[in-house]
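**Student:** Have a look at this one before I ask anything.
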Amino acid sequence: MNTPQKQIGAPMNRVDGRQKVTGAAKYSAEYQLPNMAYAVLVGSTIAKGRLSSIDTKAAERAPGVLAVITHQNGPKLPGHKPVGKDPSQPQTVGSALRVFTDDKIRFNDQPIAVVVADSWERARYAARLVKAQYAQEAHQTNLEANKPNAFLPTQAKKNPKSPVADYQRGQVDAYKTGALKLEAEYVIPTEVHHPIEMQSITAHWEAPDRLTLYDKTQGTMATRRDFAREWGLPEENVKVIATYVGGAFGNGLHSWPHESAAIVAAKVVNRPVKLMLTREQMFTMVGYRPHTWQKIGMSATPDGKITAITHEAIGQTSTYEEFTEATLGQTRMMYQAPNMTTRYRLAALDIGSPIWMRGPGEATGAFALESAMDEMAYLLNIDPLEFRLRNYTDKDPENGKPWSSKFLKECYQAGAERIGWNKRQLKPGSVREGDWLIGYGMGVGTFGAHRGTSKATAKLLPDGTVLLQSAVTDIGPGTGTAMTQIAADTLGVTPAKVRFEWGNSDFARAPTQGGSAIVNTVGPAVQEACLALKDKLRELAAAGNGAFAAARKEDVTFADGYLTLAGNATARVTYTDLVKQAGGQAVTVESKPSDKGREYSMYSFSVHFAQVRVHQLTGEVRVSKLVSCADAGTIINEKTAGNQMKGGAVGGIGMALTEAAVIDDRFGRYVTKDLAEYHVPVHADAPAVEVYFVNQPDPHVNALGTKGIGEIATIGVAPAIANAIFNATGKRIRELPITPDKLI
C-alpha cells in the first residue's frame, strides 16, 4: 500500500507559470470582444473648484468618436444618491467618488469626461480636444500645513474600541516623566502602486440588465457588489472576471472612477468598452500609501526595560472620503510597555483618496516604532537585538490574550546568524572598507493572522481529475498553486490531477485578496471541500464493496487515485471507477473561523536584518545583504512563499531609499508622473534576499496551521535599512526616502 505523498510544503512550480511566461495568460485589457469600443478619460487641470463650462463639440466631431460623456449628459444611476447627511464630512471607505454626477472638482486629474471611439488612438486624440473652464478655489495639498486641522476619524468617534480610536493603558504620556527618554518625529511620503499591469477594465452589457466586467481587481465579489449597487441590479446579474492580475499591492482593493466611467460608456454606446489608465493616471486615480507624519515618545530604565511609549500619527485622506489604516497597531502589541498612549488623526487634502498599500499602515507605523527602538537602544548603549529581547512579550499586552503561536525569538536567532550580526559594532562608523562605511540594522514586523468565511467547490470528474473553483483572485502570490497543493495533499493525488479555477464571481464565494488572509481563509474551504469529496467516495465504495462498508473511517486510505483498506490487500478501488458509476461527484463547502479563535491573539511575525554600504563622499547607499525571517505558520509552498518574502523586501528597499511621489502644492499636481521620476527599486538596488521560515504550524488559526506572509514581507524592512545606515554613518534620517543628499 502506497503512503500518500506529502504535497504541502513542497517547492512546487506555479500552476500558471507557463501561461504567464508564454503570453497565454489573458489580462483585463487583453480581452477582445466583437464590436469593441475604446475609452479615454479627460482629467481636470485644477485641484479644487467647479467646472464653469466644458466644450465637447470638437471631440464629438473627431473621426471615429462614438460619444463624449460628462456630468451634463451622463446617465443618472440609482447608486449615485447622496451618501450621509453632512456633505462637509469625508465619507467612509467604500463610498467612492461618483463620476459625471456634478460639476465639483475635488482633486487634480479628477475625471471630468470620457471619450469613446472605435479605436484607442482616435479616442486619445479626441480627448485632447475637450476644453474646460473652471471656477477655481483655493486648495490644500500639503500635509504639513494642514496638520493643525487634523481630526479624529468618524469610526473612532462612533466606536471607542475601533483600531483607530485613541488607546490608553497605564498613565497618559508617561514617557514625559521618564528618567531616560526619547522623542522624535518620523515622516513617510506618499508612495504609489506601480505594478507592471496598469489598471484596466473591459465592460460589456450583454443585456440591458446584465453586465460582464473583465477587470483588474483584487476582489471579484466586492467589485460585483459595488457595481450591482451602483446600477440597481441583482448581484447575480453582474459577472466579474479577473483570472490574471499583473500585480496589485492594494490598488485593486477599491472600486475606482475609471471603472464606473467604462461601464457608463458601454451603456451609452451599447458596445463593449475597454479603458486602460496611463502610467500618469496611476498616480492620481487609484490610490496610494498616504503621506503620514508620526511622533514617538519613549522612556526606559537604564537596564533596558521600556516604561512608556506614546505614538501619534496624522495620515492624509481626501476631502470626500475618509481613509484609515492601522498605523499604530504594532506599537500597542509588540513590546512590553506598562504605559501606552496612541493617537491617530486624519488630515483631509484636495487629492484623490488613498488606499492600502502592501504592509498597509503597519509598514508606516513600523518605520517609526522600529527606528525609535534602535534610537533608544543606542541611548542605552545596548545592542538593538538584545534591547528587543529584554522587552519581548509572551502574551499580547494590548488585550492580555495568549498568542496563538509566536516563534519570533527563533527568527531573531536565525536572522542574526545569517546576517553576521556579531560583526556589528555599537559605535556608528566603526566598520569600513575603503571609502565605504558598513552598517547593520534590524526591523521587526507583524500583521494579524486574519481568517474569514469562504466557500469552495470541488468536483471529481470521470477521468479522475479534481476540479476546484473559487471566486478568489490571484494577484501574484501563487494562490492557485497553494490551493492545488492543499487539494492534492488532502485527496492523496498528484498536483497534476488537480485543476484550480479562480477569478470569476460566478464561482464559489470568496473574499477579496488582501491582508495576508487568503491561504488562511480559502485554504480551509478547499481542504474541507476535498474532505467532503472523500466522504462521498467512501460512501460509494461502501455501497459496492462489503469490506469498505464494514470498515472504520480511519482505516480507509486515499493515495495515488485509489481507496485502499488497512489490513486488506484485496480491498482496492479507483476514484475513477467510483465516479464513473455515480456519474461524477461535486460538493460546495463553506468554511468559517471557529469562535475558539477569539481566545487567542493571532499574528504573523517577521524580522529583517540589513547590511548596507554607504559611500562617505557621495552618500550613495547600497543594500549589500538582506535577510528576512518569518514566523508564518505552516508554509504551503516554500518556493512561492520565498518569492513573496523577496518581493516584499524589494518593496521595503523602495520605501527606504527611492520612492516618493512629489506634489507641486501651487497647482496641487504631481510632478512625479512616470517611472523616470518616481523611482522604484531595480535589480541594481536589491541584493539576493535570504529567506528563512520557522515553519511551525499555528494550532488555532485553522486546521492547516497557516498564518500569513504577504504583509510581513514588507513591514520592518525600511527601518532595518534606516537603522543600518545610522550604524554605518551616525546620521539618523527620520524622513523617507533616504537619498544621498540627506547623508552628505
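With the UniProt record's numbering applied, the sequence shown covers 1 to 744. No residue lacks a Cβ here, since even glycine has one placed at the ideal position from N, Cα and C.
Helix or strand or just coil, what does DSSP make of S119?
**Tutor:** Coil at S119, not helix or strand.
**Student:** Are there three or more Cβ pairs, one per stretch, closer than 8 Å when the region 399-406 is compared with the region 601-608?
**Tutor:** Contact holds: three or more Cβ-Cβ distances are below 8 Å.
**Student:** Of the choices T521, A529, M376 and G515, whose alpha-carbon is the least far from that of L467?
**Tutor:** Closest by alpha carbon: A529.
**Student:** Nearest CA to the CA of Q19: which residue from T243, A37, A59 and Q616?
**Tutor:** Taking only the C-alpha atoms, the option nearest Q19 is T243.
**Student:** Could you spell out where the alpha helix (DSSP H) holding L644 opens and where it closes?
**Tutor:** Correcting the residue identity first, residue 644 is Gln in this sequence and not Leu. Its alpha helix (DSSP H) spans residues E638 to L657.
**Student:** Count the other CB atoms, across all protein chains shown, that sit within 10 Å of the CB of D109; report buried if there are 16 or more and exposed otherwise.
**Tutor:** Burial call: buried.
**Student:** Using a threshold of 8 Å, state whether the C-beta atoms of residue 780 and V607 are closer than that.
**Tutor:** Lying before the first or after the last residue shown, residue 780 is absent from the chain, which here runs from 1 to 744.
**Student:** Can you tell me the Cβ-Cβ gap for A39 and V115, rounded? I've got them flagged as a contact below 8 Å.
**Tutor:** Confirmed, Cβ separation roughly 7 Å.
**Student:** Write down every uninterrupted run of the beta strand (DSSP E) in the region 589-635 whose length is 3 residues or greater and which is fully enclosed by it, in chain order.
**Tutor:** Fully enclosed beta strand (DSSP E) runs of 3 or longer: 603-615 and 621-631.
**Student:** Look at the alpha carbon of P524 and the alpha carbon of G515, and state the distance between them as a whole number of angstroms.
**Tutor:** Approximately 17 Å between the Cα atoms of the pair.
**Student:** On the DSSP bridge assignment, give the partners of M340 in chain order.
**Tutor:** In DSSP, M340 forms a bridge with R169 and I309.
**Student:** Going by DSSP, what residues sit across from Q469 in a beta bridge?
**Tutor:** T457 and E501, per the DSSP bridge assignment.
**Student:** Give the single residue among I475, G544, A559 and G304 whose Cα lies nearest to the Cα of E198.
**Tutor:** For clarity, residue 198 is Met in the given sequence; the question names Glu instead. Among I475, G544, A559 and G304, the Cα nearest to that of M198 belongs to I475.
**Student:** Just to confirm my understanding: we take residue 745, look at its own chain, exclude 5 residues before and 5 after, and list those with CB closer than 8 Å. What are they?
**Tutor:** Residue 745 lies beyond the stretch modelled for the chain, which goes from 1 to 744, so this question has no answer here.
**Student:** Which first and last residues belong to the alpha helix (DSSP H) in which A67 is found?
**Tutor:** Unbroken run through A67 is the beta strand (DSSP E), V65 to I69; no alpha helix (DSSP H).
**Student:** Which residue or residues does DSSP assign as beta-bridge partners of F387?
**Tutor:** The partner list for F387 (beta bridge, DSSP) is empty, contrary to what the question assumes.
**Student:** Can you grab the Cα-Cα spacing for the pair P740 / V612, in whole Å?
**Tutor:** Between P740 and V612, the C-alpha separation is close to 13 Å.
**Student:** Can you check which of these residues, T177, R98 and A10, is closest to residue 790 by C-alpha distance?
**Tutor:** No answer is possible for residue 790: it lies beyond the span of the chain, which begins at 1 and ends at 744.
**Student:** Kindly indicate which residue of V42, Q218 and L275 has the alpha-carbon position closest to the one of I112.
**Tutor:** Closest option to I112, Cα to Cα, is V42.
**Student:** CB-CB under 8 Å to M1, same chain, minus the five flanking residues each way: which ones, in chain order?
**Tutor:** Because M1 carries a pLDDT of 37, less than 50, the predicted location of this residue cannot be relied on, and the following value inherits that uncertainty. These residues qualify, in order along the chain: T557, A559, T564, A566 and A569.
**Student:** Under a Cβ-count criterion, where at least 16 other Cβ atoms within 10 Å of its own Cβ denotes burial, should H258 be classed as buried or exposed?
**Tutor:** Its Cβ being crowded by 16 or more others within 10 Å, H258 is buried.
**Student:** With respect to the beta strand (DSSP E) encompassing H258, which residues constitute its N-terminal and C-terminal limits?
**Tutor:** Segment P257 to V269 is the alpha helix (DSSP H) holding H258; no beta strand (DSSP E) there.
**Student:** What's the call for S594, buried or exposed, on a 16-neighbour Cβ count within 10 Å?
**Tutor:** S594 is exposed by the Cβ-count criterion.
**Student:** Please classify T364 as buried or exposed, where buried requires at least 16 other C-beta atoms within 10 Å of its C-beta.
**Tutor:** So T364 counts as buried.
**Student:** For W356, name the three-state secondary structure that DSSP assigns.
**Tutor:** Here W356 sits in coil by DSSP.
**Student:** By how many angstroms is the C-alpha of W293 removed from the C-alpha of K742?
**Tutor:** Roughly 18 Å between the two C-alpha positions.
**Student:** Between the alpha carbons of T512 and E433, how many angstroms are there, rounded?
**Tutor:** Distance between the alpha carbons of T512 and E433 is about 48 Å.
**Student:** Are three or more beta carbon pairs between the region 143-163 and the region 619-628 nearer than 8 Å?
**Tutor:** Result no; under three Cβ-Cβ pairs closer than 8 Å.
**Student:** Just checking my contact of V431 with G597 at CB under 8 Å: how many whole Å lie between their CB atoms?
**Tutor:** In fact, because the Cβ distance is near 46 Å, the residues do not count as touching under 8 Å.
**Student:** Going by DSSP, which residues form a beta bridge with I663?
**Tutor:** Answer is Y670, bridged to I663.
**Student:** Return the first residue and the last residue of the alpha helix (DSSP H) that W293 is part of.
**Tutor:** Unbroken run through W293 is the beta strand (DSSP E), T292 to A300; no alpha helix (DSSP H).
**Student:** Could you name the residues that DSSP lists as bridge partners for Q330?
**Tutor:** Answer is none; Q330 lacks a bridge partner.
**Student:** In chain order, what residues of the same chain have a beta carbon less than 6 Å from the beta carbon of E206, not counting five sequence neighbours either side?
**Tutor:** Once the five neighbours on either side are set aside, the close Cβ partners of E206 are T212.
**Student:** Using 8 Å for Cβ pairs, my map puts G480 next to V15. What's the rounded Cβ distance?
**Tutor:** Rounded, the Cβ-Cβ distance is 5 Å, consistent with contact.
**Student:** Which residue spans inside the region 502-541 form an unbroken beta strand (DSSP E) run of at least 3?
**Tutor:** None, since the region 502-541 contains no complete beta strand (DSSP E) of that length.
**Student:** Around the Cβ of residue 813, are there at least 16 other Cβ atoms within 10 angstroms (buried) or fewer (exposed)?
**Tutor:** There is no way to answer for residue 813, as the model of the chain reaches only from 1 to 744.
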